[in-house]
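J.: Pasting a structure below so you can have a look.
Numbering (the working numbering), first residue to last: 144 to 275.
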């Protein structure tokens, strides 16, 4: 009985070590900062500003797009387009009350995705790739 219990305990320890090493061996995808080009802005924009009016980061591990608005730009609509140019996510927010937007996206396809941000007097876009 003691031998079978010790064998069972040893087997459980080995299985837990193997699963721990296999999970930790996967490379984690880092958050990517995306360059956003502003085509049309509601106010005159100084190009030598210390910060950008819109900052975007993509978290490929959790399939989220994080959008930070450093200025009040009013109501905006954010689109995320897949590599085929189809909108996979549409998110509307008022930047006066919601300066941070965490947008869930299904980014399973490999390729270059597009983010477009539209407002009353705002138009901006950026590209990011999921080629890993």
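Every residue gets a Cβ at the ideal spot worked out from N, C-alpha and C, and that includes glycine.
Going straight from the alpha carbon of residue 182 to that of residue 226, what length do you get?
T.: Locating residue 182 in the chain shown gives position 39, counting from the first residue. Locating residue 226 in the chain shown gives position 83, counting from the first residue. In a straight line, the C-alpha of residue 182 is about 21 Å away from that of residue 226.
J.: I'd like the list of long-range same chain contacts for residue 245, defined as Cβ closer than 7 Å, with 5 residues on each side in sequence excluded.
T.: Within the chain shown, residue 245 is the residue found at index 102, counting from 1. So the list reads 207 and 209, once near-sequence residues are dropped.
J.: With a threshold of 16 other CB atoms inside 10 Å of the CB of residue 196, please say whether the residue is buried or exposed.
T.: Position 53 of the chain shown, counting from 1, holds the residue named residue 196. Buried, by the Cβ-count rule.
J.: DSSP has residue 224 in a bridge; who is on the other side?
T.: Position 81 of the chain shown, counted from the first residue, corresponds to residue 224. Partner(s): 230 and 257.
J.: DSSP three-state call for residue 216: helix, strand or coil?
T.: Taking the first residue of the chain shown as position 1, residue 216 is located at position 73. It is coil, neither helix nor strand.
J.: Relative to the alpha-carbon of residue 274, which residue among 203, 198, 231 and 199 has its alpha-carbon at the smallest distance?
T.: As a working note, residue 274 is residue 131 in the chain shown. Ranking 203, 198, 231 and 199 by Cα distance to residue 274 puts 203 first.
J.: Within the same chain, show all residues whose beta-carbon is closer than 7 Å to that of residue 242, passing over the 5 residues directly before and after it, in chain order.
T.: As a position in the chain shown, residue 242 is number 99, starting the count at 1. Result list for residue 242: 211 and 212, in chain order.
J.: Would you mind working out which of 269, 271 and 265 sits nearest residue 216, comparing C-alpha positions?
T.: Residue 216 sits at position 73 when you count from the first residue of the chain shown. The shortest C-alpha separation from residue 216 is found at 265.
J.: Going by beta carbon distance, what residues of the same chain come within less than 6 Å of residue 260, once the five residues before and after it are set aside?
T.: Along the chain shown, read from residue 1 onward, the residue named residue 260 stands at position 117. The answer, listed in chain order, is 219, 221 and 267.
J.: Since residue 200 and residue 174 are thought to touch, with beta carbons under 8 Å apart, how far apart are those beta carbons, to the nearest angstrom?
T.: For the purposes of this step, residue 200 is taken as the residue at position 57 of the chain shown. For the purposes of this step, residue 174 is taken as the residue at position 31 of the chain shown. So it is a contact: roughly 5 Å between Cβ atoms.
J.: What residue range is occupied by the uninterrupted beta strand (DSSP E) comprising residue 247?
T.: Here residue 247 is taken as the residue at index 104 of the chain shown, counted from 1. Segment 243-247, the beta strand (DSSP E) holding residue 247.
J.: Compare the Cα-Cα distances from residue 248 to each of 179, 180, 184 and 229 and report the closest residue.
T.: Translated into the one-based positions of the chain shown, residue 248 becomes position 105. With distances taken between Cα atoms, residue 248 lies closest to 229.
J.: Helix, strand or coil: how does DSSP classify residue 174 here?
T.: In the chain shown, counting from the first residue as 1, residue 174 sits at position 31. Residue 174: strand per DSSP, three-state reduction.
J.: What are the boundary residues of the beta strand (DSSP E) that residue 179 is part of?
T.: The count along the chain shown starts at 1 and reaches residue 179 at position 36. First-last for residue 179: undefined, no H or E at that position.
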